[in-house]
Structures are given as C-alpha cells and as structure tokens.
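>
Numbering (this note's numbering), first residue to last: 21 to 84.
1) From the DSSP output, in three-state form, read off residue 40 for me.
2) Using C-beta distances below 8 Å, list every residue in its chain close to residue 73, excluding the 5 sequence neighbours before and after it, in chain order.
3) Do residue 34 and residue 44 have their CB atoms nearer than 7 Å?
4) Report the rounded CA-to-CA distance for residue 63 versus residue 84, giving the unit in angstroms.
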C-alpha cells in the first residue's frame, strides 16, 4: 500500500515525541480534527512552506 502524503513526517515526529497512535487519535478527536482537515493541510502545504519564516515570526511576535 502506498504511503499517504504527510504521514511519514507525522509518524517520525510522533516517534520522536514518543506519542503513540492511540494518543495521537485522542488528540485529533479532542480537536475534532478529521479527514477533511488533513486534506486541507495537504493542499496548503506548499504555501505554508514558502512562508514558514514569516508565519513563525508573526506567531512569536504575537506572544511577546
């Protein structure tokens, strides 16, 4: 079976943070994060990647 886009990085990050599949599912359910949300993130991935520095900077400026 082919791997779905976005799953490898997620699995790797979950492994790094020691988040089990069950814990990930609990967190996604808590946020009501569903398949359409996942598809939306996949669709905007390139736009986000090209603006990631600006997005992160704005986020931290907001916190300060």
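Yeah, the Cβ is synthetic: ideal placement off N, Cα and C, and Gly gets one too.
Just so we're clear, the structure is a prediction, and the values are computed from it rather than from any experiment.
In terms of the structure at hand:
1) As a position in the chain shown, residue 40 is number 20, starting the count at 1. Looking at residue 40 - three-state DSSP - the assignment turns out to be coil, as it is neither helix nor strand.
2) Indexing the chain shown from 1 puts residue 73 at position 53. Once the five neighbours on either side are set aside, residue 73 has no close Cβ partner at all.
3) Against the chain shown, residue 34 aligns to sequence position 14. Against the chain shown, residue 44 aligns to sequence position 24. Yes, they are a contact pair.
4) Within the chain shown, the letter at position 43 stands for residue 63. Within the chain shown, the letter at position 64 stands for residue 84. Rounded to the nearest angstrom, the two C-alpha atoms are 30 Å apart.
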